[in-house]
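In the numbering used here, the protein residues as written are 1 to 397.
The beta-carbon is built from N, C-alpha and C at its ideal position, and this holds for glycine as well.
Report on one structure; see the data block that follows.
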């Protein structure tokens, strides 16, 4: 069995999508023959000149590959041109992929199937490989490729639904994403739900002594309310300072908000925190092991997302014995064990989330990791399930 993986992974941003995609590939890497290609775009000469005049970001070829945890991801570059962009806006996208398929035809035909991670562009390349070369594909949907991207334009929605319909198997990381795909117009029965899992060797409760040592190491004091993720609008991080403000209205107890991650809204968040004299700490992007350390010392983790494919950070926090509070959006309710910690997304959201933080802080709180919950999010079992889906696709060629 030889698999061609097409992925959407930024080695400079090893967060949710990067980690989930990599883990799924790594689980079965010693069981299959495979090559992994990370799709990147570069601008043609005319488009580059135009962008330079308009002071827009120019995309160039950078590096041939990257290696993470002994797995090599080659970079596959697709050329951006003005003509291709115009046609793509009109819903005519085959020119974007035809050139790279024809150039690599002999190589591509060595593979039994394609495993594409992300609805588009990865899904679109897989679709055209199947259309032109007859090679089947599985499409794994992770989050924004279903709940956000299709809403950006009617043509993009049409393309993603097309990729779903023609896939030999769609793998959704949550029930929510499958239902959201239905709302987009996806009608097929070619799907399975395969959750992301928890790395139990990394994420587990630490003793109070270890927790104290980690707090001392990072200079952390007091009751820590944590957030881990990108600082972008879809995560509702713009409202985290408001949550702090609501907390101050109902208690004189001191809290420190610990923000792990980076993104476009960082400066806005800092400004809002400073306006209310909040106690807060931004770490920026940190190494994976530091993420584990920071998570282990939090008193509670919040994920107030407006949309969320699953919310793997909630899995990891609960595995560490850390209470979590999340919004009622996306796949979040599927992973939170204590359903009272799911906050309905309405006009009182920030106020109710603050009340829940205080409730957890005031009361002894423990998490019961049931066998059913652990089985749902067991990487080994889910990796085996995914591998069996791949075998079925190849056997039905």
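Comparing C-alpha distances from residue 137 to each of 6, 382, 276 and 318 shows the shortest one belongs to 6. Between residue 243 and residue 353, the C-beta gap is smaller than 9 Å, which places the two residues in contact. Restricted to the region 44 to 117, the beta strand (DSSP E) segments that are unbroken, complete and at least 3 residues in length are 65 to 68, 71 to 80 and 113 to 117, listed in chain order.
Per DSSP, the beta-bridge partners of residue 2 are 33. Counting along the chain, the unbroken beta strand (DSSP E) around residue 281 starts and ends at 280 to 284.
CA-CA distance, residue 65 to residue 193, rounds to 31 Å. Annotation for residue 146: no beta strand (DSSP E) segment contains it, though the alpha helix (DSSP H) segment containing it runs 144 to 147.
Shown here, residue 250 sits in a helix according to DSSP, grouped into three states. By the neighbour-count definition (other C-beta atoms within 10 Å, threshold 16), residue 15 is a buried residue. A straight-line Cα-Cα distance of about 10 Å links residue 141 and residue 122. In its chain, beyond the 5 residues on either side, 124, 125 and 128 have a beta carbon closer than 7 Å to the beta carbon of residue 97.
Judged by beta-carbon spacing, residue 93 lies beyond the 9 Å limit of residue 102, meaning their Cβ atoms are not closer than that value. Distance from the CA of residue 27 to the CA of residue 89, rounded to the nearest whole angstrom, comes to 37 Å. When secondary structure is reduced to three states using DSSP, residue 300 falls in the strand class. Residue 16 sits in a helix when the DSSP states are folded into three classes. By a beta-carbon distance limit of 8 Å, residue 365 contacts residue 323. Their separation comes to about 5 Å.
Per DSSP, reduced to three states, the secondary structure at residue 322 is coil, with no helix or strand assignment.
For residue 218, the enclosing alpha helix (DSSP H) stretches over residues 208 to 218. According to DSSP, residue 225 shares a beta bridge with 257 and 300.
If you compare the alpha carbons of 348, 350 and 327 with that of residue 342, the shortest gap goes to 327. When DSSP assignments are scanned along the region 138 to 185, the uninterrupted stretches of beta strand (DSSP E) that are 3 or more residues long and fall wholly within it turn out to be 169 to 172. Going by DSSP, residue 191 is part of the beta strand (DSSP E) stretching over 191 to 193. Distance from the CA of residue 225 to the CA of residue 241, rounded to the nearest whole angstrom, comes to 12 Å.
By the Cβ neighbour-count rule, residue 83 is exposed, with fewer than 16 other Cβ atoms within 10 Å of its own. Looking from the CA of residue 115, the closest CA among 91, 67 and 171 belongs to 171.
For residue 363 and residue 95, the gap between their C-alpha atoms comes out near 60 Å. Taken in chain order, the complete beta strand (DSSP E) segments of 3 residues or longer contained in the region 306 to 364 are 324 to 327. If you draw a straight line from the Cα of residue 388 to the Cα of residue 395, it is about 10 Å long.
Rounded to the nearest whole angstrom, the C-alpha separation of residue 58 and residue 42 is 8 Å. The straight-line gap separating the alpha-carbon atoms of residue 24 and residue 270 is approximately 35 Å.
For residue 252, the closest of 382, 361 and 68 by C-alpha to C-alpha distance is 361.
Per the coordinates, the alpha-carbon of residue 17 lies some 28 Å from the alpha-carbon of residue 134. Distances from the alpha-carbon of residue 175 to those of 79, 164, 201 and 195 put 195 closest.
Short of 7 Å from the beta carbon of residue 11, and not among the five residues preceding or following it, lie these beta carbons of its own chain, in chain order: 66 and 68. The count of Cβ pairs closer than 8 Å, one atom from the region 196 to 203 and one from the region 373 to 386, reaches three, so the stretches are in contact.
DSSP, read as helix, strand or coil, puts residue 262 in coil.
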